[in-house]
Amino acid sequence: MLRRLQTPEFEVRPLSDKMAAEVTGLDLCQALDSETQRDVYDAFLKHQLLVFRDQDLDEDQQVAFTGQFGTLERHTLRNRGSADHPFVHVVSNLDEKGMPNGKVASTLWHSDKSFREAPSSASILHAKRLPPNGGDTVFANLYLAYDALTDDQKEELGEVMVVHSYELSREHAGRKISAEEIADAPANAHPLVRVHPDTGRKTLFLGMHASHFEGAEAGEAFRDSRSKIEALEYFSTQSEFTYHHSWREGDLLMWDNRCLIHRLDPNFDADEHPRIMHRTCLRGTPT
Ligand SMILES: [Fe+2]
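This is how it looks when you write it as structure tokens:
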């Protein structure tokens, strides 16, 4: 549980000119008063990614911190948290014995839970154990990518709906999911050009779950729409739109899934070194 309200002075310092700001002077183990909550959320909308330094939250505290900004989102069947903390997804490269197994997930660009009818608005990822080097997370700002499209592209893509499918994204990654998992996470279509519900700004909405254009379910049309989605993702993740986060002990990141996509850079020795993160997500709104 969070301990008590705080009305602190905190500082927000931009980390790049594309997105991301460092927040210091807050102890997230404590509840934020309503004014501070508002200021933090305003900074979140402005910078899209907040990096809170020097934090040490347990699972209950992370759930309580997240809940100050909305309703927590459950995870997929495969990644559900523990019985005690169903909203905390442990992201790690450890096997059942707690040893590094070399396996890393989420190395493809994605927006968390984009296949849901109301895709996740924000994700909170807290470093619990880091490798000595690497294991970075990379973010792409899709506001900037949208802004950089030509007027003709904006016109052409403006009305397109894209099917986001957990089933198909797993299939592309080489895993056939069960009927139970499909029922738990059915596909949903979202606008390719999305209007951010809080800022009113237009952004692309892409990532590994974005499968094909609605109405292009098979054959040539399916392949054609997939290659358009892939080309847009390639365009959107050029270095001029990205920020590379090198984690520090105590970092807690909060990012906006509605306008950023992200991926793990597997630039660490995952056979040798544990990398353990605790993730919570906020439920968004229908697109
Ligand atoms: Fe993710």
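Numbering-wise (the numbering used here), the sequence shown opens with residue 2 and increments by one. Even glycine gets a Cβ: it sits at the ideal position worked out from N, Cα and C. Here the structure is a predicted model, which is why all the values come from computation and not from measurement.
- Of all residues, those with a beta-carbon under 7 Å from at least one heavy atom of ligand 1 are S107, H111, D113, S124, H263, reported in chain order.
- When DSSP assignments are scanned along the segment 25 to 79, the uninterrupted stretches of alpha helix (DSSP H) that are 4 or more residues long and fall wholly within it turn out to be 35 to 48, 60 to 68.
- Residue F11 holds the alpha-carbon nearest to the alpha-carbon of D40 among L29, F11, C30.
- Of the residues assessed, P120 falls on the buried side of the cut-off, its CB having 16 or more other CB atoms within 10 angstroms.
- Look at K155 here: in three-state DSSP terms it is helix.
- For R284, there is no enclosing alpha helix (DSSP H), since its DSSP letter is neither H nor E.
- With fewer than 16 other beta carbons inside 10 angstroms of its own, K47 counts as exposed.
- Per DSSP, D225 is one residue of the alpha helix (DSSP H) stretching across 220 to 237.
- For F242, the secondary structure class from DSSP, reduced to helix, strand or coil, is helix.
- The criterion of a C-beta distance shorter than 7 Å is not satisfied by L143 and L193.
- In the structure shown, the three-state DSSP call for A149 is coil.
- Separation of P187 and D59 (C-alpha to C-alpha, rounded to the nearest whole angstrom) is 32 Å.
- In the same chain as I178, and ignoring 5 residues on each side of it, the C-beta atoms closer than 6 Å to its own belong to E168, R171, in chain order.
- Pairing A22 with L51 gives a Cβ-Cβ distance under 7 Å.
- It is roughly 42 Å from the alpha-carbon of K104 to the alpha-carbon of D153.
- For Y244, the number of other beta carbons within 10 angstroms of its own is at least 16, and it is reported as buried.
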